[in-house]
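Residue numbers (this note's numbering), protein chains in the order written: chain A, 5 to 128; chain B, 3 to 200. Notes follow once the structure below has been shown.
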């Protein structure tokens with residue numbers, strides 16, 4: 005069981021549930037949810053999060069804007085971010101990388117891919 | 003004198019012809035009014051139906067997830083109970099008993115794996131919901147353009163204009179290329195991009 009606190013950001017209640025269940029299966033029990041970038045930034049003010057999984061296309065504040073804003077906060081400059089999105093065009097992936105995303109998965113994902121990306125990021 | 007009179011007749015004829023053309027154009031636009039207005043009115047109905055699809059698919063998916071989570075809990079409990087049962091078995095238990103327990107363990111684990119696979123498959127709902135949002139967004143765009151046409155040709159229906167401006171538009175966030183099966187960049191290539199960045 006990992007002590008890591010993960011923030012899962014997605015406007016789809018279905019995806020949030022699947023991500024939370026997948027994380028629990030992989031041994032990550034402590035998961036906080038947010039429904040868009042704005043909600044995520046609000047949650048980060050009260051939760052001590054060490055890893056973030058975020059979608060891209062969300063209302064209010066999309067994932068790219070969220071990550072850009074996140075990296076401007078000193079406390080979260082180096083917090084690992086894994087983007088999980090339907091966007092699979094190379095230009096989008098490069099844009100996410102430039103915004104500060106550490107790794108990227110295209111939906112639909114397998115639990116093995118999610119776990120391996122988290123492990124890879126944590127291993128540095 | 004004759005030239006001037008001839009020119010006047012020509013101009014008069016041109017004006018009459020132009021007037022007739024304008025009259026025909028106005029008639030055509032008047033005839034278009036009804037179909038354009040009707041199409042404009044039907045757009046919100048179409049987008050509402052699409053939104054209904056997304057809402058109902060979401061609700062059904064949530065119910066499926068509830069059931070899958072229940073199955074997972076029960077299978078986890080079965081596996082725990084089997085482990086405990088094995089610990090209670092006397093050392094000299096028959097091979098047959100041990101084999102039966104092993105078979106139950108395997109079946110329970112397979113059930114659990116199948117339930118998780120079902121859960122993973124429900125990701126379709128997020129992707130199809132984005133596709134529906136894309137379609138609805140295109141219809142809203144067409145609705146706006148039709149309203150603009152009605153306005154530009156000066157045959158705007160006041161009631162339609164009021165309906166269009168007062169209707170709250172749902173905030174839509176979607177990937178126009180969202181696809182359940184096709185990925186434009188494969189995971190290995192994505193990983194390569196991030197490795198190169200380092």
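All residues carry an ideal CB built from backbone N, CA and C; glycine is no exception.
(message) Quick check on residue 75 of chain A - is its C-beta less than 8 Å from some C-beta in chain B?
(response) Residue 75 of chain A does not count as touching chain B.
(message) Within a Cβ cutoff of 6 Å, which residues of the same chain sit near residue 177 of chain B, ignoring the five residues on either side of it in sequence?
(response) 132
(message) Which residue wins for smallest C-alpha separation from residue 72 of chain A, given the options A:51, A:45, A:123 and A:18?
(response) A:45
(request) For residue 113 of chain B, decide whether its Cβ has a neighbour in chain A, counting only Cβ atoms nearer than 8 Å. (result) no
(message) In the DSSP output, which residue or residues are listed as bridge partners for residue 87 of chain A?
(response) A:58 and A:108
(request) Closer than 9 Å by beta-carbon distance: list the chain A residues that pair up with residue 131 of chain B, in chain order. (result) 16 and 18
(message) Suppose you measure from the CA of residue 62 of chain A to the CA of residue 14 of chain A; what does that come to, to the nearest Å?
(response) 7 Å
(message) Give me the chain B residues within the contact set of residue 5 of chain A, using Cβ-Cβ distance strictly less than 8 Å, ordered along the chain.
(response) By Cβ distance, chain B contributes nothing, its closest Cβ being about 14 Å from residue 5 of chain A, past 8 Å.
(request) Give, in chain order, every residue of the segment 81 to 113 of chain A whose Cβ lies closer than 8 Å to some Cβ of chain B. (result) With the criterion set as a beta carbon lying under 8 Å from some beta carbon of chain B, the members of the segment 81 to 113 of chain A are 89, 90, 91, 92, 93, 94, 97, 98, 101, 106, 107, 108, 109, 110, 111, 112 and 113, in sequence order.
(request) Taking residue 67 of chain A as the reference, give the member of A:81, A:29 and A:91 with the closest Cα. (result) A:91
(request) Hey, could you find the ends of the beta strand (DSSP E) residue 10 of chain A is sitting in? (result) 10 to 13
(message) Just to confirm before moving on: does the CB-CB distance between residue 109 of chain A and residue 117 of chain A stay below 8 Å?
(response) Result yes, Cβ atoms of residue 109 of chain A and residue 117 of chain A sit closer than 8 Å.
(message) 8 Å is my cut-off, CB to CB: does residue 43 of chain A come that close to chain B?
(response) Answer no: the Cβ-Cβ gap between residue 43 of chain A and chain B never drops below 8 Å.
(message) Taking the beta strand (DSSP E) that residue 38 of chain A belongs to, which residues open and close that run?
(response) 35 to 38
(request) Determine, using beta carbons only, whether residue 10 of chain A comes closer than 8 Å to chain B. (result) no
(request) Could you name the residues of chain B that residue 117 of chain A contacts, counting a contact when the two beta carbons are closer than 9 Å? (result) 189
(request) List the residues of chain A that residue 185 of chain B touches, going by C-beta distances under 7 Å, in chain order. (result) 92 and 110
(request) Starting from the beta carbon of residue 49 of chain B, find every residue of chain A whose beta carbon is closer than 8 Å, and list them in chain order. (result) Within 8 Å Cβ-Cβ: nothing; residue 49 of chain B doesn't reach chain A, min ~16 Å.
(request) Provide the residue(s) that pair with residue 6 of chain A in DSSP beta bridges, ordered along the chain. (result) BP columns for residue 6 of chain A point to A:32.
(message) Please list, in chain order, the residues of the segment 20 to 31 of chain A that have any C-beta partner in chain B closer than 9 Å.
(response) 21, 22, 25, 26 and 29
(request) Kindly say whether residue 66 of chain A, judged by its beta-carbon, lies nearer than 8 Å to any beta-carbon of chain C. (result) Among the protein chains in the structure shown, which are A and B, there is no chain C.
(message) Please classify residue 194 of chain B as buried or exposed, where buried requires at least 16 other C-beta atoms within 10 Å of its C-beta.
(response) exposed
(message) Can you give me the C-alpha to C-alpha distance between residue 108 of chain B and residue 113 of chain A, rounded to a whole angstrom?
(response) Between residue 108 of chain B and residue 113 of chain A, the C-alpha separation is close to 26 Å.
(request) Just tell me which of B:95, B:196, B:197 and B:187 has its CA closest to the CA of residue 93 of chain A. (result) Between residue 93 of chain A and the set B:95, B:196, B:197 and B:187, the nearest pair of CA atoms involves B:187.
(request) Kindly list the residues whose CB is nearer than 6 Å to the CB of residue 121 of chain B, restricted to its own chain and excluding five residues on each side of it in sequence; keep chain order. (result) 70
(request) With a 10 Å radius around its C-beta and 16 neighbouring C-beta atoms as the bar for buried, classify residue 167 of chain B as buried or exposed. (result) Confidence at residue 167 of chain B is low in this model, with a pLDDT of 49, below 50, so its placement is unreliable and no value can be given for it.
(request) Go ahead and pull the three-state DSSP assignment for residue 67 of chain A. (result) helix
(request) Measure the alpha-carbon distance for residue 50 of chain A versus residue 83 of chain A and round it to whole angstroms. (result) Looking at the two C-alpha atoms, the distance is approximately 16 Å.
(request) Look at residue 18 of chain A and residue 57 of chain B and say whether their C-beta atoms are less than 8 Å apart. (result) no
(message) Whether or not the segment 134 to 150 of chain B and the segment 85 to 94 of chain B are in contact is what I'm after, with contact meaning three or more pairs of Cβ atoms, one per stretch, closer than 8 Å; do they touch?
(response) no
(message) Assuming residue 196 of chain B and residue 101 of chain A are in contact, meaning their beta carbons sit under 8 Å apart, how far apart are those beta carbons, in whole angstroms?
(response) 6 Å
(message) Can you tell me where the alpha helix (DSSP H) holding residue 196 of chain B begins and where it ends?
(response) 189 to 199
(message) Counting only C-beta atoms, is residue 52 of chain A closer than 8 Å to chain B at any point?
(response) no
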